[in-house]
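Since the structure comes first, as structure tokens, the remarks are kept for the end.
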Amino acid sequence: MQTQNKIRIIFIFLLCCYNLVTSAQIKKDSATAITPTITFTYLNSNDTIILNANIFDKKEKGVFAIKNAVIEFFASGDKKTRNLGQAKADEEGNAVLKLPVAKGLPQDKDGKTTYTAKFNGKDKYRPALETFTAKFARITVNFSKEDSLRFILVTATQVDRKDAIKPIQKEKIIVYVPRLFNLLKIGETDLDVAGKGKVEYPGNLVGDSLGNIIVIARIEDNDVFGNVQGQSSISWGIPKQYYLAEKPTRELWTPIAPIWMIVTLIIMLTGVWAHYIYAVIQLIKIKQISKKKPDSSS
Amino acid sequence: MKDKNENKKSSRRQFLKKGLVAGAGMVAGGSLLAAYIDKSKPTSGEKVKVLTTEGELVEVDKSLIHSPRVSREESHKGIPGRKFVMVIDLAKCKNARKCVESCQKGHHLPSSQEFMKVYLLQDSEKSAPYWFPKPCFHCDNPLCVSVCPVGATYKRSDGIVLIDNERCIGCKFCMTGCPYSTRVFAWKDYPEYAEDKEPYSPEASSPGKEGTVSKCDFCPDLVRMGKLPYCAQNCPMGVIYFGDIDEDTVTNGAETFRFSELIRDRSGYRYLEVLGTRPSVYYLPPVERQFPVESGFNDLKESVKNRFKNTPYGKTHKL
Amino acid sequence: MENKDTKEKLLRQFAPQLEKVSSATLVWILFLLGVIGLGVYAFVTQVTKGHIVTGMRDNVVWGIYIVNFIFFMGMSYSGAIISGTLQLFRTEWRKPIIRMAEYLAIISLLIGPGYILLCIGRLDRLYYLALFGRIQSPITWDVIAISTDIFGCLIFLYLSILRDIASLRDFSELKIPAWRKKVYSMLALGYTGTPEQEKRLRRATDIMATMVIAIAIIVYSVLAWIFSVTLQPGWHSTIFGPYFVIAAVYSGTGVLIIAMWVFRKVYHLDQYITRKHFVAMGVLMVVLAALFGYFTFSDYLTKWYGSEKNDESLIRILFTEYYWPFIFSNYIGVLIPLLVVGIAKLRTITNITLSALVVIVALWFNRYLIVIPTLESPYLPIQDSRPDWVNYTGTWVEFSLMAAGVALFCLLFTLASKFVPVMNVSEMAEIPKPESSELFKAEESLL
Ligand code: SF4
Ligand code: SF4
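Chains as they are written, first to last, in our numbering: chain A, 10 to 307; chain B, 28 to 346; chain C, 5 to 451.
Put into structure tokens, the structure is as follows:
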């Protein structure tokens, strides 16, 4: 906790320095200068760390994302601070950075790393900064069948300073399956002392068209580990049924009409038009008769 | 301390909304929509989420996408392997009207056109009034589609009923065909239409066109980018859930439920089932309400408040 | 067989109308053109400013235009059914009025569809109906049916005027420009009345009479189905097809009686169109009034008795907001002709004509009450603070175009009567045959 505070102080100091440097420029439009807010989320997914800094400007009327803001990310431990790179915020103000390898990140004596998202200010926006501290952890998902019951087995481990692997004990694990927009929660459990947890697999989950389903186990909002997840796939899902065949059938609302309709229409139209044609033929005959007549009289 | 907890809660909601991002990257796979992606451009490093032809969500470089809107032909096909459904929780609605406003903004509509409407319903004299948000029901037996003489309104394989404003001749037959007063007509060329600079697509229902009909479209343009429709995204109460019924899941962004369980546990129903239109929108009855019905009159514009003057409730209460 | 002398006499009587336009007629025509001009202005306004200039809004999407559409189409079908039936049964009293019925059929058929076009938001895309037509849509049925009907009525009218045109061609006393003579002789197809020609003409006319009746019934039912296939309370009724057909014929008899009265006055036809004809048409009107009343009653009775929620609210609106129009169209409009024709003392030409006028107006309101109150009481209650969004009222644009339609109707009738006599001269000149063989002959020619 103390180290964390120390780092915070350092950063605040840095920030002050930065402010001094840029104050001249900001003063120009200090009346409109705005301090943006950053919400910083950390997710450790299958050994990839996803850092997402959402930068926005909180106004009375609501929240406005700061598009294209460049966010720099840092990782720091007791001694060193490493620059992780930078990312640009999208339409919704999300700047996302993915770190493929967790190894070699600076750590403090508890094995924790402090991540920082830093915005250097742009136009009318003042600089802003947010940090998050987490210890690297790993979750693996396995499956087992006992009699007629099926289970999801979760194992959670943490990596200590000396790269020693220890189980994570007594933490809450939530199990999800990914869906179109979001994750669907299917169960939760507490880890035992060996860092293991077991959740019964609910029977009637829909998978993809082949019945494959991805299961994700997560530790969420943890003071030590942040958000950690692991995932694995299994063919326990119910194969997804497609609601409509790609080729539309003949319905009232489809592009092609039901056959009886077409048949009725054709019968009626031919019936009527045949009579029309008959009437017109009579007219033509009348005309022909009149042409013949002068011939016969002459 | 309390403050901090609340902060945490809201950040959790934020995070879960972001769960979207994390979830998305992992289920990647399948080929991308050809119409969608322009490979000739250099990449920018910025990523956006799109649905593939297999209906899976993947991230691609933003610069590869020439327009997030699909062509008119493409819009007839529907997002493969999906069948969309909406669930509206009447117990949580307090007529905040954020669904209406965000939808109008998103579709570049004038204030006189509402794709989403919020009614104050009261089924009978002694029964309780409740707020009733009503989008298009995207019926599985859509009379509006049946009666269209030129096929300008159509139902896709993903269940969405769309209107092609470049095909519609404006006969308004569909408006009388729909029993739910869902459709709106462009009685003139509203200036708001011109605000939209992007090319027209039936999936976006924008820019609107004078003399044609439009309505709620379930925002397939947003869905293609892995986002919830405007109304579901913006409801502060989380009233509106949206999802894929074949996947048996609906979400309002913060909470995700199994559709079948939600309907079972909360006695979900469809409005006016007796008409046989087979809607794709389900309602959860207004039981154990979180807000009294009066709270729906707070901070309403006068013109909106006056709408309810003639309702049974409005006649007996001061609004 | 034709009686040459009667024919000459008749032609002589009609000659002045065909030869020149009197100053009174000219003023009349100019007045009509003025009204049509106003309609054109209204139409231009609607096209440039958008449909917002009409009284239609998102709930009441169909207004007076559609009412007029039903009304004019109804007159057309009525003209077709009346002329077809009279023709088939060789009714003796048909002769002076059958031509008017045929004119009625074709002229209102040319105007009616115009109103549905006024209601369409994108006239520039009208050809999509042919290009992308969907067979499932009742509008497509209507497009097909109306165009079939127009052809049928044109052929029928042509068959019926053929003999008169031939007579006009041969009538040497007629003082008309040479080009008109040429037109007559061209249109007459060299008809001289040989037995062979006469037989063929009769056969074709009978066939077309049958067709015209059948199509009129189908087409008007299709029009009714545009309403009754929807789920709207008040429209979703199985009775609508026959109901619309009866209402159509009913309104048409009214229009026909008025046309008879007008032409009798203007062209001094008192000796040909007599009280007998008015009474005959009056009786027809009464029969239809009874049928119309019966259908109206069954339709509303079942709705009221069952009183499903939405039917009930519709009926409540009809008996409150629309009380007088409702009483007028469905009570007075039925009872007046019953009384006037039913009571021998009241059965005068003027009275019958006046009751016909009442019938026409009542029937117009009847259609109004079918279209508008239903749209004002949808399943989901209208909740809107804008009064024009809640209740429909026609605007000057719609009323001007309605007036223009009526004016165009009168104009075309006037012009048609200037081209071919408003009475079937050749038929009038025919020597009546014993009645028994008449019917028999009609059947024979049908086979
Ligand atoms: S609610 Fe109305 S507009 Fe929407 S699909 Fe159903 S019938 Fe059509
Ligand atoms: S108004 Fe447009 S979409 Fe509706 S039925 Fe007519 S053509 Fe079809």
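The beta carbon of each residue, even a glycine, is placed where N, CA and C say it ideally should be.
1) Would you list, in chain order, the members of the segment 60-86 of chain C that have their beta-carbon closer than 9 Å to a beta-carbon of chain B?
2) Considering only residues of the segment 99-126 of chain B, which uninterrupted alpha helix (DSSP H) runs meet the minimum length of 4 residues and lie entirely inside it, listed in chain order?
3) Below 6 Å CB to CB, which residues in the same chain sit around A74(A) once its five sequence neighbours on both sides are set aside?
4) Run through chain A and tell me which residues come within less than 7 Å of D275(B), C-beta to C-beta.
5) So, for S294(B): in the same chain, excluding its five sequence neighbours on each side, which residues have a beta-carbon less than 7 Å away from its beta-carbon?
6) Going along chain C in order, which residues have a C-beta closer than 9 Å to the C-beta of E237(B)?
7) Kindly examine ligand 1 and report whether one of its heavy atoms sits closer than 7 Å to the Cβ of V177(B).
8) In terms of residue numbering, what span does the alpha helix (DSSP H) encompassing F200(B) cover?
9) Between L136(B) and chain C, is there a C-beta pair that is closer than 8 Å?
10) With hydrogens ignored, establish whether the beta-carbon of T209(B) is closer than 7 Å to any heavy atom of ligand 4.
11) Can you list, in chain order, the stretches of the beta strand (DSSP E) that have 3 or more residues and sit fully within the segment 407-441 of chain C?
12) Going straight from the alpha carbon of E260(A) to that of A213(B), what length do you get?
13) Give me, in chain order, the residues of the same chain whose beta-carbon lies closer than 7 Å to that of I223(A); leave out the 5 immediate sequence neighbours on both sides.
14) Does the CB of D271(B) have a neighbour CB from chain A at under 8 Å?
15) Which whole runs of the alpha helix (DSSP H) in the segment 315-392 of chain C are 4 residues long or more, in chain order?
16) Would the segment 316-331 of chain B and the segment 119-132 of chain B be scored as touching if the rule is three or more Cβ pairs under 8 Å?
17) With H, G and I counted as helix, E and B as strand and the rest as coil, what does DSSP make of A51(B)?
18) Output yes if chain C places a C-beta closer than 8 Å to the C-beta of R334(B); else output no.
19) Would P206(B) and T304(B) be called neighbours here (beta carbons separated by less than 8 Å)?
20) For the segment 116-170 of chain A, which segments carrying the beta strand (DSSP E) assignment without a break, of at least 3 residues, lie completely within its bounds, in sequence order?
21) So the beta strand (DSSP E) G197(C) belongs to, where does it begin and stop?
22) Using a 10 Å radius around the Cβ and a threshold of 16 neighbouring Cβ atoms, would you call K249(A) buried or exposed?
23) Return the residue from the list V65(C), I148(C), S404(C), F267(C) that minimises the CA-CA distance to T29(C).
24) How do the segment 111-128 of chain A and the segment 85-102 of chain A stand: do at least 3 beta-carbon pairs fall below 8 Å, yes or no?
25) With DSSP as the reference, please indicate the residues paired to W158(B) in a beta bridge.
26) At a Cβ threshold of 8 Å, is Q178(A) touching chain B?
27) Using DSSP with H/G/I as helix, E/B as strand and the rest coil, what is G398(C)?
28) Would you say A228(C) lies against chain A (beta-carbon separation less than 8 Å)?
29) In angstroms with no decimal places, state the Cα-to-Cα distance between C195(B) and T357(C).
30) Hey, is T278(B)'s beta-carbon within less than 8 Å of any beta-carbon in chain C?
31) Is T198(A) helix, strand or coil when you go by DSSP?
32) Taking Cβ to Cβ, would you say Y296(B) is nearer than 8 Å to P306(B)?
33) At a CB-CB cut-off below 8 Å, which residues of chain C make contact with V281(A)?
34) Along the segment 280-291 of chain B, what residues have a CB closer than 7 Å to any CB found in chain A?
35) Tell me which residues share the same chain as K99(C) and place their Cβ nearer than 7 Å to its Cβ, disregarding the 5 neighbours each side in the sequence.
36) Is the shortest distance between the beta-carbon of G178(B) and the beta-carbons of chain A less than 8 Å?
On the basis of the supplied data:
1) M60, R61, D62, N63, V65, W66
2) 99-102
3) Within the first sequence, numbered from 1, the residue matching residue 74(A) stands at position 65. The answer, listed in chain order, is F65, E101, G102.
4) As a position in the second sequence, residue 275(B) is number 248, starting the count at 1. What D275(B) touches in chain A: V215.
5) Here the question's residue 294(B) lines up with position 267 in the second sequence. Result list for S294(B): P312, in chain order.
6) Along the second sequence, one-based indexing puts residue 237(B) at 210. Here the neighbours are G54, H55, G125, R126.
7) Counting from 1 along the second sequence, the entry for residue 177(B) is found at position 150. Because no heavy atom of ligand 1 lies under 7 Å away, the Cβ of V177(B) does not count as near it: no.
8) Position 173 of the second sequence, counted from the first residue, corresponds to residue 200(B). Start and end: 200-204.
9) For this step, residue 136(B) is matched to residue 109 along the second sequence. It does not; no Cβ of chain C falls within 8 Å.
10) The model on display carries ligand 1 and ligand 2 but not ligand 4.
11) none
12) Translated into positions along the first sequence, residue 260(A) becomes position 251. Translated into positions along the second sequence, residue 213(B) becomes position 186. Between E260(A) and A213(B), the C-alpha separation is close to 29 Å.
13) The residue you call residue 223(A) lines up with position 214 of the first sequence. V186, P187, Q240, S242.
14) Here residue 271(B) corresponds to residue number 244 of the second sequence, with the count starting at 1. Interface residue, yes.
15) 327-331, 337-346, 353-380
16) yes
17) Locating residue 51(B) in the second sequence gives position 24, where the first residue counts as 1. Below a pLDDT of 50, predicted positions are generally treated as unreliable, and A51(B), at 35, falls in that range; no measurement from the model is reported.
18) Against the second sequence, residue 334(B) aligns to sequence position 307. Output row for R334(B): interface = yes.
19) Here residue 206(B) refers to the residue found at position 179 of the second sequence. Here residue 304(B) refers to the residue found at position 277 of the second sequence. Yes, these two residues count as a Cβ contact at 8 Å.
20) 121-128, 137-144, 146-155, 158-168
21) To locate residue 197(C), count along the third sequence from 1; it is residue 193. From DSSP, G197(C) is part of no beta strand (DSSP E); its letter is neither H nor E.
22) Working through the first sequence from its first residue, we reach residue 249(A) at position 240. It counts as buried.
23) Translated into the one-based positions of the third sequence, residue 29(C) becomes position 25. Of the listed residues, the one whose Cα sits closest to T29(C) is F267(C).
24) yes
25) Counting from 1 along the second sequence, the entry for residue 158(B) is found at position 131. In the DSSP output, where bridge partners are listed per residue, W158(B) has L147(B).
26) Translated into positions along the first sequence, residue 178(A) becomes position 169. No, because no Cβ of chain B sits closer than 8 Å to the Cβ of Q178(A).
27) On the third sequence, residue 398(C) is found 394 positions in, with the first residue counted as 1. It is coil, neither helix nor strand.
28) On the third sequence, position 224 is the one that residue 228(C) refers to. A228(C) does not count as touching chain A.
29) Here residue 195(B) refers to the residue found at position 168 when the second sequence is read from its first residue. Here residue 357(C) refers to the residue found at position 353 when the third sequence is read from its first residue. Whole-angstrom Cα-Cα distance: 45 Å.
30) Mapped onto the second sequence, residue 278(B) falls at position 251. Chain C contact via Cβ: absent.
31) Within the first sequence, numbered from 1, the residue matching residue 198(A) stands at position 189. Reduced to three states, the DSSP call for T198(A) is strand.
32) Position 269 of the second sequence holds residue 296(B). Position 279 of the second sequence holds residue 306(B). No, Cβ-Cβ distance for Y296(B) and P306(B) is not below 8 Å.
33) Residue 281(A) sits at position 272 when you count from the first residue of the first sequence. In chain order: T152, G156, M215, A218, I219.
34) T283, R285
35) Residue numbering aside, residue 99(C) sits at position 95 when the third sequence is read from its first letter. N428, E431, M432, listed in sequence order.
36) Residue mapping note: residue 178(B) aligns to position 151 of the second sequence, counting from 1. Yes - at least one Cβ of chain A is within 8 Å of the one on G178(B).
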